[in-house]
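In our numbering, the protein residues as written are 12 to 296. Have a look at the structure below, then the notes.
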Ligand code: SF4
Ligand code: SF4
């Protein structure tokens, strides 16, 4: 589909509405109204909201419906349930509970909203870049798709699970050898690493679930990683060694994905309404 027609596609129109009217400003408003209004439960507040709701800078046509989609996140936020996760600020000091709560739930809200936006944008692009390994001349030797155990059965490929693989990471300097061959030359293959399983796509290889018409054979059951957007919430970043999170305050967008350069302006607007900085970067070269 060409660029002009993409913007007329129903799925894109919905995604553009979400990018132009992100849910976070509405959640922040609901939070303030809840604290000021003496409500017992977030549902009571939601049911009291007018439709449409004009915040001064944004008009939400269906604020109730939109907030109900995030009720499981809104509830702990407005009821003051502080996450157990530690978030460090720019000075490496631990943030106070109120900041921690806002930042943690902001990340959760964005992850969900961006997954929806990605699903709406990706299909009409007729693109399969996320389902193929690096090109012959890419700097990357392989791409990795982390998998949960219950997702392994979706793939009809060899699974390597040895003492050596389970003690390593795919990014170790000394690469895992399988029968004397570096693992990244053997994909598509699933390997169990120290931190779990992943599908490895070697250079110029394709995911075994990509069918001849470039559709996904397991689309409705595709792994969580395959549902992740190319516009990422990067409000916080986990430090896997310390188990803490570092505040980043950013939105990361991958320019290799065709909808990212096309929607630069909308992505900047979305980030601004979320009070985040944008980082545009390339993954493949
Ligand atoms: S499982 Fe489907 S969506 Fe995921 S990489 Fe393979 S073909 Fe692509
Ligand atoms: S690069 Fe973008 S459009 Fe292409 S498959 Fe990945 S998410 Fe979809």
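Note that the Cβ used here is the ideal one computed from N, Cα and C, for glycine as well.
- When 148, 123 and 232 are compared, the shortest CA-CA separation from residue 29 is found for 123.
- Not one heavy atom of ligand 2 falls within 7 Å of the beta-carbon of residue 25.
- For residue 156, the Cβ falls inside the 7 Å cut-off from some heavy atom of ligand 1.
- Of 16, 88, 60 and 264, the smallest CA-CA separation from residue 42 is found for 88.
- With a cut-off of 7 Å, the C-beta of residue 129 is classified as near ligand 2, since at least one heavy atom of the ligand falls inside that distance.
- For residue 246, there is no enclosing alpha helix (DSSP H); the residue is found in the beta strand (DSSP E) stretching over 242–250.
- Counting only the Cα atoms, residue 56 lies some 11 Å from residue 79.
- Residues close to ligand 1 by the beta carbon criterion (under 5 Å to any non-hydrogen atom) are, from first to last along the chain, 142, 218, 220, 221, 227, 233 and 237.
- The Cβ atoms of residue 53 and residue 86 lie closer than 8 Å to each other.
- Between the alpha carbons of residue 26 and residue 99 lies a distance of about 32 Å.
- Unbroken alpha helix (DSSP H) stretches of 4 residues or longer found wholly inside the stretch 65–134: 74–79 and 82–89, given in chain order.
- In this structure, residue 230 has its beta carbon at no less than 7 Å from each heavy atom of ligand 2.
- By the neighbour-count criterion, in which a residue is buried when 16 or more other Cβ atoms sit within 10 angstroms of its Cβ, residue 63 is exposed.
- In terms of Cα proximity to residue 175, the closest of 167, 66 and 185 is 185.
- Residue 290 is not a Cβ neighbour of residue 266, given a cutoff of 8 Å.
- A straight line joining the alpha-carbon of residue 206 with that of residue 180 spans about 7 Å.
- Taking the Cα positions, residue 155 is about 24 Å away from residue 255.
- When the beta-carbon positions are compared, residue 217 and residue 168 stay at least 8 Å from each other.
- By the Cβ-count criterion, residue 73 is exposed, with fewer than 16 other Cβ atoms from all chains shown falling within 10 Å of its own Cβ.
- Rounded to whole angstroms, the gap between the alpha carbons of residue 82 and residue 90 is 12 Å.
- Bounds of the alpha helix (DSSP H) holding residue 22 are 21–31.
- When the Cα atoms are used, residue 172 and residue 97 turn out to be separated by approximately 33 Å.
- Under the three-pair Cβ rule at 8 Å, the stretch 99–111 does not count as touching the stretch 65–72.
- Beta-bridge partners of residue 289 (DSSP): 262.
- Under the 10 Å beta carbon count, residue 249 is surrounded by fewer than 16 other beta carbons and is classified as exposed.
- According to the DSSP assignment, residue 157 belongs to the beta strand (DSSP E) that extends over 153–158.
- Taking 8 Å as the cut-off, the Cβ atoms of residue 246 and residue 226 do not count as close.
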